[in-house]
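One structure is given below, encoded as structure tokens.
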């Protein structure tokens, strides 16, 4: 009976009995379903971002430990390296770089991904209960259809009873009418019980969905937190790279001012290093000379600014 009713409604063949109209749980469930799909994608994207960030910071740490190439000069007929062998990150705070990566993972896992996973877990529970609600709705409709069929059968039996002239034939039909009536009473009692259970369950599930919807309004702050954690992690990683461990960095007041007067662009919102006096590292870009025609100078380094005059770059192919 349940499977037949499901097939009827899926095909739109409902007959004389219309399907039970769902309450407020159904539109709330549909809205939450679309939202959950987007949130699942955000969860996947944040995890991918975390993996990429850890890979980048970890790769930077490995690169900083690579030895720098050295200049060789021929002395006495043999090429000799000049200067001492150094790594790219000589003196950089590699431990601080690793801590930036570990701290990012901990912050995202605890303060961003965990709340998102909790919401999605609650959503899966609601999904399961929504399936139960739909099953109860189909049960109500199938019982209503069965009761309707019995009432139609009883109506036809009464019509035949009225059209039967003999007492013998009427007696047999009266027994059939009474049996159908008893079955109808039994089916109606079951239908009422199923209807009450469905309505009660629909109210409970509606309240769960309402709580889930209210909680969804708070998830925006977790997206913003993920971006803030990423920003702080890369700020700390940059400071660790530029910090000279065991060497007190010189104050950047006069040099930064001189660089600014020469036309260099100074990065804003740069993070402080671990120096107690708040010494900051600063990223500077030399502007490319403005071309003829009065166009604004570009802030992107040209090859000449980057490599100087000592290296001749090949012509573009």
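Numbering (this note's numbering), first residue to last: 2 to 318.
Built from N, CA and C at the ideal position, the CB exists for glycine as well.
Whole beta strand (DSSP E) elements within the segment 151 to 236, 3-residue minimum: none
Sub-9 Å separation of residue 234 and residue 94 beta-carbons: Locating residue 234 in the chain shown gives position 233, counting from the first residue. Locating residue 94 in the chain shown gives position 93, counting from the first residue. No; because the gap between Cβ atoms is not below 9 Å, this pair is not in contact.
Residue 90 classed as buried or exposed, judged by whether at least 16 other C-beta atoms fall within 10 angstroms: As a first step, residue 90 must be located in the chain shown, where it is residue number 89. The Cβ neighbour count for residue 90, taken over all protein chains shown within 10 Å, is at least 16; the residue is labelled buried.
Entirely enclosed beta strand (DSSP E) segments - the segment 64 to 89, minimum 3 residues: The segment 64 to 89 contains these whole beta strand (DSSP E) runs: 73 to 76 and 79 to 82.
CB of residue 58 within 9 Å of CB of residue 225, strictly: Position 57 of the chain shown, counted from the start, is the residue given in the question as residue 58. Position 224 of the chain shown, counted from the start, is the residue given in the question as residue 225. No; because the gap between Cβ atoms is not below 9 Å, this pair is not in contact.
Contact the segment 134 to 150 vs the segment 163 to 177: 3+ CB pairs below 8 Å: no
Beta-carbon proximity list for residue 227, same chain, < 7 Å, skipping 5 on both sides: Walking along the chain shown from the start, residue 227 turns up at place 226. Excluding positions up to five away in sequence, the list reads 47, 109 and 113.
Inter-residue spacing [alpha-carbon to alpha-carbon] between residue 127 and residue 201: Locating residue 127 in the chain shown gives position 126, where the first residue counts as 1. Locating residue 201 in the chain shown gives position 200, where the first residue counts as 1. Those two C-alpha atoms are separated by around 16 Å.
Buried versus exposed call for residue 76 [16 or more other C-beta atoms within 10 Å across all chains shown]: Residue 76 sits at position 75 when you count from the first residue of the chain shown. By the 10 Å Cβ count, residue 76 comes out exposed.
C-alpha distance - residue 81 paired with residue 73, whole-angstrom precision: Your numbering for residue 81 matches position 80 in the chain shown. Your numbering for residue 73 matches position 72 in the chain shown. Rounded to the nearest angstrom, the two C-alpha atoms are 5 Å apart.
Assigned secondary structure, residue 21 (DSSP; H/G/I helix, E/B strand, else coil): Counting from 1 along the chain shown, the entry for residue 21 is found at position 20. Coil at residue 21, not helix or strand.
Residue 62 classed as buried or exposed, judged by whether at least 16 other C-beta atoms fall within 10 angstroms: Here residue 62 refers to the residue found at position 61 when the chain shown is read from its first residue. Taking all protein chains in view, the Cβ of residue 62 is crowded by 16 or more other Cβ atoms within 10 Å, so the residue is classified as buried.
Three-pair Cβ contact test at 8 Å for the segment 214 to 223 versus the segment 190 to 200: no
Member of 129, 121 and 195 whose CA lies at the smallest distance from the CA of residue 138: Reading the chain shown from its first residue, position 137 is the one you call residue 138. Comparing Cα-Cα distances from residue 138 to each of 129, 121 and 195, the minimum goes to 195.
Simplified DSSP state of residue 60, which is helix, strand or coil: Locating residue 60 in the chain shown gives position 59, where the first residue counts as 1. Here residue 60 sits in helix by DSSP.
DSSP state of residue 45 mapped onto helix, strand, coil: Within the chain shown, numbered from 1, the residue matching residue 45 stands at position 44. In the three-state reduction of the DSSP assignment, residue 45 falls in the helix class.
Minimum C-alpha distance to residue 28 - residue among 206, 105 and 220: Residue mapping note: residue 28 aligns to position 27 of the chain shown, counting from 1. When only C-alpha atoms are compared, the closest one is 206.
Residue 122, buried or exposed, once every other Cβ within 10 Å from all chains shown has been counted against 16: For the purposes of this step, residue 122 is taken as the residue at position 121 of the chain shown. Burial call: exposed.
Coarse secondary structure for residue 245, derived from DSSP in three states: By 1-based counting over the chain shown, the position of residue 245 is 244. Reduced to three states, the DSSP call for residue 245 is coil.
Sequence-distant residues of the same chain with beta carbon closer than 8 Å to residue 117, five excluded per side: For the purposes of this step, residue 117 is taken as the residue at position 116 of the chain shown. Excluding positions up to five away in sequence, the list reads 40, 43, 44, 47, 220 and 223.
Under 9 Å between C-beta atoms of residue 98 and residue 26: Residue 98 sits at position 97 when you count from the first residue of the chain shown. Residue 26 sits at position 25 when you count from the first residue of the chain shown. Cβ atoms of residue 98 and residue 26: not closer than 9 Å.
C-alpha gap between residue 119 and residue 37, whole angstroms: One-based indexing of the chain shown puts residue 119 at position 118. One-based indexing of the chain shown puts residue 37 at position 36. One C-alpha to the other measures close to 12 Å.
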